[in-house]
Structure formats: C-alpha cells, structure tokens
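Asks: Got a structure for you, written out below as structure tokens; questions coming shortly.
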Amino acid sequence: MSFKTGQNYHGFKLVDARRVAEINSEAKLFVHEQSGARLLYLGNDDDNKVFSISFRTPPADSTGVPHIVEHSVLCGSRKFPIKEPFVELVKGSLNTFLNAMTFPDKTMYPVASRNEKDFRNLMDVYLDAVFYPLMLETPEILMQEGWHYELPDKAAELTYKGVVYNEMKGVFSSPDAILEHQIYAALFPDTTYGVESGGDPEYIPDLTQEQFIAFHQKYYHPANSYIFLYGDLDLDDNLKFLNEAYLKDFEAKKIDSAIPLQKPFAKTVVKVADYPVSPEESKKDKTFITLNIAAGKATEPEGYLGLMMLEHILLETPAAPLRKALLDAGLGKEVFGSYSKSILQPTMTFGVSGANPEQVTAFQETVQSTLAKLANEGLDPKLVESSVNIFEFHLREANYGNRPKGLVYNMKCLDSWLYDQDPLIHLAYEASLDKIKREAKNGYFEQLIKSCLLENSHQALVALQPNGEIGARQAAELKEKLAAYKEGLSEAEIKQLIHQTKVLKERQETPDAPEKLELIPLLELKDINKEVEELVTEKRTEQDVTVLLHPMFTNKIAYVNLYFSTGAVAEVELPYLFLLADILGKVDTGKYPYADLVKEVNIHTGGFNYDVLAYPGVADYESYAPMFRVKAKALVGKLPEMFGLIGDITGDSLFTDAGRLKELIREIKAVWDTAIFRRGQQVVASRLLSYVSPVAKFNENGQLTYYKFIAALEEDLDSNIQEIGRTLAAVAKTVFNRDNLLAGITCESEDYKNFAQSFPVLTGKLGTKPYKPAKHYFDIQARNEGLMTSGKVQYVAKGANFRRLGYNYHGSMKVLETILRYDYLWNRIRVQGGAYGAFAQFDRSGNVVFGSYRDPNLEETIKVYDETARYLNNFTAENISKREMTKYIIGTISSMDTPLTPQMKGERADTAYIRNISQADLQQERDEILATKQQDIKELAALVDDVMKANYLCVMGGEQKIKASQALFGELVTVID
1277 MSFKTGQNYH GFKLVDARRV AEINSEAKLF VHEQSGARLL YLGNDDDNKV FSISFRTPPA
1337 DSTGVPHIVE HSVLCGSRKF PIKEPFVELV KGSLNTFLNA MTFPDKTMYP VASRNEKDFR
1397 NLMDVYLDAV FYPLMLETPE ILMQEGWHYE LPDKAAELTY KGVVYNEMKG VFSSPDAILE
1457 HQIYAALFPD TTYGVESGGD PEYIPDLTQE QFIAFHQKYY HPANSYIFLY GDLDLDDNLK
1517 FLNEAYLKDF EAKKIDSAIP LQKPFAKTVV KVADYPVSPE ESKKDKTFIT LNIAAGKATE
1577 PEGYLGLMML EHILLETPAA PLRKALLDAG LGKEVFGSYS KSILQPTMTF GVSGANPEQV
1637 TAFQETVQST LAKLANEGLD PKLVESSVNI FEFHLREANY GNRPKGLVYN MKCLDSWLYD
1697 QDPLIHLAYE ASLDKIKREA KNGYFEQLIK SCLLENSHQA LVALQPNGEI GARQAAELKE
1757 KLAAYKEGLS EAEIKQLIHQ TKVLKERQET PDAPEKLELI PLLELKDINK EVEELVTEKR
1817 TEQDVTVLLH PMFTNKIAYV NLYFSTGAVA EVELPYLFLL ADILGKVDTG KYPYADLVKE
1877 VNIHTGGFNY DVLAYPGVAD YESYAPMFRV KAKALVGKLP EMFGLIGDIT GDSLFTDAGR
1937 LKELIREIKA VWDTAIFRRG QQVVASRLLS YVSPVAKFNE NGQLTYYKFI AALEEDLDSN
1997 IQEIGRTLAA VAKTVFNRDN LLAGITCESE DYKNFAQSFP VLTGKLGTKP YKPAKHYFDI
2057 QARNEGLMTS GKVQYVAKGA NFRRLGYNYH GSMKVLETIL RYDYLWNRIR VQGGAYGAFA
2117 QFDRSGNVVF GSYRDPNLEE TIKVYDETAR YLNNFTAENI SKREMTKYII GTISSMDTPL
2177 TPQMKGERAD TAYIRNISQA DLQQERDEIL ATKQQDIKEL AALVDDVMKA NYLCVMGGEQ
2237 KIKASQALFG ELVTVID
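This note's numbering puts the first residue of the sequence shown at 1277, with every later residue one more than the last.
Written out as structure tokens, the structure is:
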C-alpha cells in the first residue's frame, strides 16, 4: 500500500515521508489529528518488529514519581485487570524485548517480537496499561511498587518498604550513582534535570497518592506521546488498530511538559558532597573529582556526533591526551568521562577517581590548561583519525548485541523528537559524518574544544569524598524518624497502619482468578518453532591450527575469536591471567609504544577485547576448558593489519615499563572500588558456586578474588613491580602459543580466503614450545561467606551442584527457571519482600544458584529459597492448568530464541564446539522443554530440596545486616578495606 503526504489514514495524517539510507529504512511521520499523538514508522525488512509508546515526563522533585508510575501502570489495567500483566507477558510471550524505562525527562514502554500475533498482543497490553491503569483506583499499587509504612503488629518496628524504594537504595549504595546525581543537581539547579527522576530514597516517602495519580493524569495522554513502529509489518493495519482500540477515545489537549533550558552560569559552580564508606575503611585515595560542562544541544546533529567523538579523543584510549595529562600529574588513579547526550542539554564530564580532596584545584587547572594547549597547538592528527574511524565503523556495523535495532533507533530518535525537532536527524548521520571527516584536518575538534568547553561558563566542579560516619548516621536518623512518627500516632492510626499492612499482604498473596488471567492473550505451542536454530560450523585447519568457520552474511566484516588454552598456567598464577586481559593493548610492544598501538588498532579494525573464562564440561561435570579469548573484528580487507596487530600484542607485549604497570594496576583497582557495588549479583553467584564447582572456582578468580589480588598488589607496588612484570611476561609466553590455539571466524564463505591468507601473519609471531598442563587443586567446601560493604541492600545467593548430588540435567529445568523467576521468587521476594528481583539458574554442568538483588532482606530470603521444594510439591495438574504450563514453556523458549547478531551466532557455535555440545544435544533440550508437564516440575522438588539442604550460601550486603545474621556464616569478609 502506498502512502501520500498530507493524506489521512485511520485518523493519522502523514506529515513527512523519506528514506533514511544509513539504516536502510523508509521513514513515515504521522500525527493523529483527533488525539494529538505523534507516530514515527521506520519500515524495512527486519522481522524483529518494535513498538513503543513514550511520554515526556519531567519530574518536579526527587520522589521518583516517573519511575514509580512506570512500574505501576504495568500492575493491571482496564482490559487486563490482574496484578502483574507484565509478568504474565514475560512468562508467556515470544517477545524479544519487553521492558519499561525511566529517563530524566521521558518514560519509554518498548516491546519487540518476531511473531505477528504476539506483537499485536504486546501492543494491546502496553497501550491499555499506559492509558487505563488500575493504579488510579488501587492505593495498594503505589504501596507495593513505590513505598509504604510496614507495621505487621503493634510491637513491631515501623519500616519503609517498596520495590522502587529498595531499588533506589541499591542504586544509591554505589558512589558513581551518587556522583551522577550530584553532577546533574549542580549543572541544572533550575530545571527538571536537577532532581532524581528514579527517586532519592530520602524523598520517595514524600510521594502521596494524590501526587501519584496527578502525575499520570497530566502526562499520560496521547497528546504528550511519541509512538514508534519499526520493521517488516503491516503499517495500515497497525494504524487502524491504534486508532480504533485507543486513540479515537481521546481529544487533543495542550499539555505543559516542555523542558526549559538551564540559564548558563556566570562562573563555574563548585560542589563537594559525601558518600558512605565503612567506618574502618581507609579514606585515602577514595575521592572522585569531576569537571562537568553543559555542551551543545541534543537537537544539533553535527555537534551531537562531534562531541561524542571529541570525548573519545580526549579520554577513552591510552593515547588520549587529557587522560595522560591527568595521570602524569598524579591526579587520581583512574580517569573517566562521558558525553551524556540523551537530555536537552547534553553534558561533558571529565573525572578522576582514587584522588584526594586537596587535589580539586589542581585537577581543574590541569583540565583547563590541557584543553587550552590542545586547542592552540592542535591534536595529534593520527589520534583524531583513529577515533573518527572507530566511530564510523560502529555506526555502519550497527551491532547492538541482544537489543533490537529498532529499540536503539527509537532512542536515537527521541534524542531530538522529544524536544520538538526532526526525529530522524541522528539516524541520517552521513552529512554530519562527512563534514566532520572533511574538516577534522582543519581544526574541527580544536574549535569544538574552544567553543563548547573553554569559552563556555556553564560548568560545575563536583567532588565526592568518602565519609565513614554518614552511613550509620543516615540509618540512625531514619530509625529515629520512623520511631518518632510511630510514637506520635494515635491508637486508631496504629490500628489503621497494621490493617493497611495486612490488606497489602493479603492482596499480594491472593492469586488472580483464572478467568482474569485468561484475558491476557496467549500464543499456542503450535506457534513455536519446534526445531532449534542450527549452529553452522565448518571445521578447517590453517597453519596446524583448528579453525571453526561460521559462514553467514556479515556485510564484509570478519568477526574473529581466538581461544588460547590456559591449562598450563600454574594455579598460583591464575589471577595474573585476568590482569593480563586487563592490560593487553595498553602497554608497549616491540613495534609500537602503547599510545601509537591504540591508534593503529582503531584505524585498521573495529577494536579488540580480551577476557578469560573456563568453559564447563558436560560429560564430566568436574572438567573444564580454561581459555584466554581475544575478540577482534575488522573489514575483511583489513585482516592482514588486524592479525599483525594481534600478533604484536600477544607475542611481543613488553611488561618492563614499571611506571606504566603501576598506573594500570592503580586504575584497575579504582574501577573495581566502585564497580563492586554494581556487580553484587555476579560476585555472590560466582563466589557461591566456587564452593562446589571447579569451573566456577576457576572463573571466580576474575571476581572478588581478582579484586582482592589487585588490592594486595597495589599495597606494595614499588617493591613488587619488577616481579609483577616478569610474571605477566611468563604467563603471556605460556598462553600465547600456537599449540594452545583454537580460532573461530564468522564471515561470508567467499571471504574465508582473506582469513586463510592473513592468518600466518599472526601464527608466525606465536610460540611453538609445548607446555605441560598444570594441576589445579580446587577444594570443595562450604565457606558460606558474608561479604560486608557500606551498601544499604543485600545480594543473597544459595545453591549447589546437583550432579554432585546425584541428579542429571534435563530441559525441564529451563522451564523451572521461568516458573521460579516470574512466579514463586517474583511473588515472594520482589512483590512481598520488596527486593528489586530474584532468579534461579540451572546449567548442564550441574551448577544451580538462587539469587536476589537489591534486597532489603537476608534471612527472610534464605527462608524463601528453603521453602521452594514445598511450592514445587504442589505443582500438580490439579493446581496448575494446561494453559499455565503452555505459558511457562513459551516464556522459556522466548528467552532462548532472542535474535542474535552474526558475531553472537559465531560465539555461540564456538562455545558448543568447546563444550562438545552437539546439535542433537540442543534439539533434545528443546524437545524436553516443549514436552514439559506439571509432573516434571513437581519431580524437581527433591533436587531443589537437596540443593537447599546442602546449605551453601553467600551474601553481599550492609555490614550491620550481615553481622545481625552472623550465625549463618562460616566467615565474614570486609569487601573494601
């Protein structure tokens, strides 16, 4: 069907239509004349269809009302009056993406699916949720999702509880989140960006039911909406559905959601704030210092792209001049920065961590003087070329991993559309890119430094310093505040709070009526592809090395994975493998100084990554294949240069520059100091499984053990640095050996010859001396650690190895994961317990872990895990309908069938080869999933019960909370000294 500009289609007037060659799409921009809704369609042949509806939602305070509304609209609606339609969709749809996101000035509700029927179902549930939510008439929804007073009985301590409240307590346990909040508050004191849209736990309890409802009624109207459709779909049919099912019932109205510009400052604002650390923790080298500049506008496409590139030039590589200047001046251990572009006034941040409060002035002076020098004397032309090249490579590659392309394009559109500008300016990047490439040699970036950074007074110098008293003080103040509030209540008011707590608990524990659950549309098992997608692997040999070719269309990009066995590395040296992965490409080689090396990599390739991981065996659950992996990508014509550079890095890196090694180790430690809070879920799961599994024990060397290793190295760098360098060189020599190598290549069949011809450039630089395998003695013991931090929430893990307990893997365990994550654990730990989330994972090697994250509880969560078997024993055909089982199976298949990029397909095929998992094994697992019955799930109760009785657990969380449950633990560990 052809569409003509100016014509009306089901109430939608087509106002603009054009081709966006950069993303191979036809764009059509509509306005729904009756309701005022805007709609953009990007049409192409992508079968991973995307729909979203977004609203401009600027908050006036830090109560988190946009965030709480985002959670709450998905808790039942007019057509779907059940407690958790979102969860029902996750359990029973073939979605490839399903979520909702709160930003500083907008709220997005995106869905994606490759199945036409499923796509329409998802649209329907989401549209009904945003326009007709039950939250408007059900106070318990705000209480559950936002906050409420919890008082189970008169003698109990009064507390705050709520999903968002605890989520944001977890967020604000991390110093980088506190820093970001302080930066925005300093730069934008008079606009919506100065408050916390996600909610500050201190202010979330100020939100009233009336304010909550008023926010929705003001902003959740089609006239304030931005509807997005993407992919290979019937546009006319979707426009008809949108109009007839929803938009025809609304009249356009003026909604004041405009975002004003912050007036620039006359001079730089200075702000110093505190973040909590443990009282015993050292305060030395723990300060963050940042200079932040409101630079450019999101609605200026060339500046938007140019400033992103400039930030990369200045900070993001070992050759970056501002990074080098700050490190050379001894200002902090880690240099970081960003160009935050998804707000009306984007911000450029230059920062250091691992600094001290007295360095604030020196930091500011170093940044300003370095920028002035670069603007006046010029940037290194090769550095500029390398940064522009890597940006262009990634723009054209459009590789967004698990995220649907349509979602990424949608977010780029909103960076201008939300501010009443052309939604396509950031997708149609060619003109801006051409101009930047053309003018880069003539001072383009130097002029950007002058106009946007040096001659711009809208700046904030923000420092964040550690405080060992603030955490305990805040906890005591909150306790006193709640106690005083309770003390001031009348007998009747206390009874009312107890009643309110009881009513909420009863609502949470009461299942939805089956007839209401059936209102949620559900696919049938016949809608599911019964065959597992084939992993295509052609086994070749080049230079006596096994090569796995995965032929497929890659748009002339070669994705190469090099797997070097680390089996010959001694147990005591395993942490050095992870250190090697962190510093490769950042030290000199025999051919290149490190600053020149990174320029060569970015000019000729799409970048390299290094990691260490052990692949678990399947036949023998105690066996594993430990690998050092080099991931690389380049245009096929650049493979000789790519392999030459990899050969230099793996075969000829120099670990003799003591100053450089010290700099890198200090930087790694500083990164981990803040990242440990974000990685809580990974840390406890990895640590727990290290008690029961050799492969997990190996991989845990890259988690908390690695952090402790780096911290110990940093303590005595001056006396140990030569030995560190020698050990790294010895480990590299052992690992980067042709005899250890397995290669994977994903490209088009016709391009394999380029790989075969170029591969000797690498293999010629690798050692050939065989090394004897090292013996690793990993003890199996229940250490049951309590990992203590200054955080305000817990990460609680419990598990074991079920094969060690005498059980075998079965595909029904994947269905059990879905049931536990989105039913039992969701209801008990998130809905009733107030945690942000919980999960259970079972893998072929026998490892099973139950975990919670951003959890206010500890012992209560362990009790929930321990009671899982009781829940499963009731999992019978009488209690669980066939429809429910179908839902669980579809949800399980959905999580397995997420569309993969060519790079991801190649990696998945490599993994199957390394683990000796055949296509038949994968098909058997899928068959078992599709055939799962209620009885199969019930029969897993014994396995889960034995896992829990084995009593392996690990918790990371607040020091007071862990010490209060000290009897549970074999050992208490202070995470950050």
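In this text, a Cβ means the ideal position worked out from N, Cα and C, and glycines have one as well.
These numbers were taken from a predicted model, which means no experiment stands behind them.
1) Give the DSSP-derived three-state secondary structure of N1878 in the structure shown.
2) Going by the CB atoms, is the gap between Y1469 and P1540 shorter than 9 Å?
3) I need the DSSP call for C1351, collapsed to helix, strand or coil.
4) Is Y2256 helix, strand or coil when you go by DSSP?
5) Taking 9 Å as the cut-off, decide whether the C-beta atoms of Y1839 and D2119 are in contact.
6) Just the Cα atoms here: how many angstroms apart are A2095 and E1756?
7) Quick check on the burial criterion: 16 or more other C-beta atoms within 10 angstroms. Buried or exposed for S1558?
8) Three or more beta-carbon pairs under 8 Å between the stretch 1729–1740 and the stretch 1534–1552, yes or no?
9) Quick check: what's the CA-CA separation for R2146 versus G2109?
10) Going by alpha carbons, who is nearest to I2169 out of N2133, L2148 and A2207?
11) Is it a yes or a no for the stretch 1568–1583 touching the stretch 1620–1637, going by three-plus beta-carbon pairs under 8 Å?
12) With burial defined as no fewer than 16 other Cβ atoms inside 10 Å of the residue's Cβ, what is the status of Q1283: buried or exposed?
13) Report the rounded CA-to-CA distance for V1845 versus T2003, giving the unit in angstroms.
14) Determine, using beta carbons only, whether V2251 and L1980 come nearer to each other than 9 Å.
15) Mind pulling the beta strand (DSSP E) runs of 3 or more residues that sit fully within the stretch 1854–1929?
16) Nearer than 8 Å: is that true of the beta carbon of G1978 relative to any heavy atom of the ligand GDP?
17) When DSSP builds the beta bridges, which residues end up paired with A2074?
18) In this structure, how does DSSP classify V2249 when only helix, strand and coil are distinguished?
19) Helix, strand or coil for K1802 per DSSP?
20) Using 8 Å as the cut-off, can you tell me whether the stretch 2128–2143 makes contact with the stretch 2091–2106, which would need three or more C-beta pairs spanning the two stretches below that distance?
21) Looking only at C-alpha atoms, which of F1395, S1278, F1448 and L1410 sits nearest to S1338?
22) Round the Cβ separation of G1978 and V1888 to the nearest angstrom and send it over; I've been treating them as touching at under 8 Å.
23) Taking 9 Å as the threshold (C-beta atoms), are G1627 and R1942 in contact?
24) Below 8 Å on the Cβ atoms is my contact criterion, and I expect V2069 with G1446 to pass it. Report the Cβ-Cβ distance as a whole number of Å.
25) Give me the Cα-Cα distance between R2014 and E1556, rounded to the nearest whole angstrom.
26) Let me check understanding here. Comparing Cα to Cα, which of V1947, T1467, K1543 and A2006 lies closest to L1850?
27) If you scan the stretch 1488–1547 from start to end, which runs of the beta strand (DSSP E) of 3 or more residues do you find wholly inside it?
28) How many angstroms separate the CA atom of E1527 from the CA atom of G1352?
29) If we require 3 or more residues per run, which beta strand (DSSP E) segments fall completely within the stretch 1624–1672?
30) Assuming contact is defined by CB atoms lying nearer than 9 Å, are I1299 and Y1502 in contact in what I supplied?
31) Considering only their Cβ atoms, is the gap separating P1334 from V1553 smaller than 9 Å?
32) Excluding the five sequence neighbours on either side, which residues of its own chain have a C-beta within less than 6 Å of the C-beta of I1489, listed in chain order?
33) Buried or exposed: H1775, going by 16 or more other Cβ atoms within 10 Å of its Cβ?
34) Measure the CB-CB distance between Y1522 and A1571 and report whether it falls below 9 Å.
35) Under 8 Å by Cβ, that's how I've got P1451 and F1564 pegged, so tell me the actual separation to the nearest angstrom.
36) Confirm, please, whether the CB-CB distance from A1336 to V1545 is below 9 Å.
Replies: To lay it out plainly:
1) Numbered from its first residue, the sequence shown carries residue 1878 at position 602. Of the three classes helix, strand and coil, the one that applies to N1878 here is helix, per DSSP.
2) Here residue 1540 is taken as the residue at index 264 of the sequence shown, counted from 1. Here residue 1469 is taken as the residue at index 193 of the sequence shown, counted from 1. Contact: no.
3) Position 75 of the sequence shown, counted from the start, is the residue given in the question as residue 1351. Here C1351 sits in coil by DSSP.
4) Shown here, the chain extends from 1277 to 2253; a query on residue 2256 therefore has no answer.
5) Residue 1839 sits at position 563 when you count from the first residue of the sequence shown. Residue 2119 sits at position 843 when you count from the first residue of the sequence shown. Contact flag unset, no.
6) Numbered from 1 along the sequence shown, position 819 holds the residue referred to as residue 2095. Numbered from 1 along the sequence shown, position 480 holds the residue referred to as residue 1756. The displayed chain sequence assigns Ile, not Ala, to residue 2095. Cα to Cα, the separation comes out at about 40 Å.
7) The count along the sequence shown starts at 1 and reaches residue 1558 at position 282. Answer is exposed; the Cβ neighbour count stays below 16.
8) yes
9) Taking the sequence shown and counting its residues from 1, one reaches residue 2146 at position 870. Taking the sequence shown and counting its residues from 1, one reaches residue 2109 at position 833. Distance between the alpha carbons of R2146 and G2109: 18 Å.
10) Numbered from 1 along the sequence shown, position 893 holds the residue referred to as residue 2169. Answer by Cα proximity: A2207.
11) yes
12) Working through the sequence shown from its first residue, we reach residue 1283 at position 7. Exposed: under 16 other Cβ atoms inside 10 Å.
13) For the purposes of this step, residue 1845 is identified with residue 569 of the sequence shown, where counting begins at 1. For the purposes of this step, residue 2003 is identified with residue 727 of the sequence shown, where counting begins at 1. Cα-Cα distance, rounded: 11 Å.
14) Within the sequence shown, the letter at position 975 stands for residue 2251. Within the sequence shown, the letter at position 704 stands for residue 1980. In this structure, L1980 lies closer than 9 Å to V2251 by Cβ.
15) 1884–1892 and 1900–1911
16) Absence of the ligand GDP is noted for the structure shown, with no ligands found whatsoever.
17) On the sequence shown, residue 2074 is found 798 positions in, with the first residue counted as 1. Before going further, note that residue 2074 is Lys rather than Ala in the sequence given. According to DSSP, which records beta bridges pairwise, K2074 is partnered with F2126 and L2229.
18) Start at 1 with the first residue of the sequence shown, and residue 2249 comes out as number 973. Three-state result, V2249: strand.
19) Your numbering for residue 1802 matches position 526 in the sequence shown. Helix.
20) yes
21) As a working mapping, residue 1338 is identified with position 62 in the sequence shown. If we check each option's Cα against that of S1338, F1448 comes out closest.
22) For the purposes of this step, residue 1978 is taken as residue 702 along the sequence shown, with counting starting at 1. For the purposes of this step, residue 1888 is taken as residue 612 along the sequence shown, with counting starting at 1. Their Cβ separation, rounded to whole angstroms, is 6 Å, which keeps G1978 and V1888 in contact under 8 Å.
23) The residue labelled residue 1942 in the question sits at position 666 within the sequence shown. The residue labelled residue 1627 in the question sits at position 351 within the sequence shown. No, Cβ-Cβ distance for R1942 and G1627 is not below 9 Å.
24) Residue numbering aside, residue 2069 sits at position 793 when the sequence shown is read from its first letter. Residue numbering aside, residue 1446 sits at position 170 when the sequence shown is read from its first letter. Confirmed, about 4 Å.
25) One-based indexing of the sequence shown puts residue 2014 at position 738. One-based indexing of the sequence shown puts residue 1556 at position 280. Taking the straight line joining both Cα atoms gives about 49 Å.
26) Residue 1850 sits at position 574 when you count from the first residue of the sequence shown. Checked all of V1947, T1467, K1543 and A2006; the closest Cα to L1850 is A2006.
27) 1501–1507
28) In the sequence shown, residue 1527 corresponds to position 251, counting from 1. In the sequence shown, residue 1352 corresponds to position 76, counting from 1. Using only the alpha carbons, I get a separation of about 24 Å.
29) none
30) Residue mapping note: residue 1299 aligns to position 23 of the sequence shown, counting from 1. Residue mapping note: residue 1502 aligns to position 226 of the sequence shown, counting from 1. Going by C-beta atoms, I1299 is not nearer than 9 Å to Y1502.
31) Within the sequence shown, residue 1553 is the residue found at index 277, counting from 1. Within the sequence shown, residue 1334 is the residue found at index 58, counting from 1. Not in contact: V1553 and P1334 (Cβ atoms no closer than 9 Å).
32) As a position in the sequence shown, residue 1489 is number 213, starting the count at 1. Counting only Cβ-Cβ distances below 6 Å, and skipping sequence neighbours, we find L1412.
33) Position 499 of the sequence shown, counting from 1, holds the residue named residue 1775. By the 10 Å Cβ count, H1775 comes out exposed.
34) Reading the sequence shown from its first residue, position 246 is the one you call residue 1522. Reading the sequence shown from its first residue, position 295 is the one you call residue 1571. Contact: no.
35) Here residue 1451 is taken as the residue at index 175 of the sequence shown, counted from 1. Here residue 1564 is taken as the residue at index 288 of the sequence shown, counted from 1. Yes, P1451 and F1564 are in contact; Cβ-Cβ is about 7 Å, under 8 Å.
36) For the purposes of this step, residue 1545 is taken as the residue at position 269 of the sequence shown. For the purposes of this step, residue 1336 is taken as the residue at position 60 of the sequence shown. Cβ distance not < 9 Å, so V1545 and A1336 don't count as in contact.
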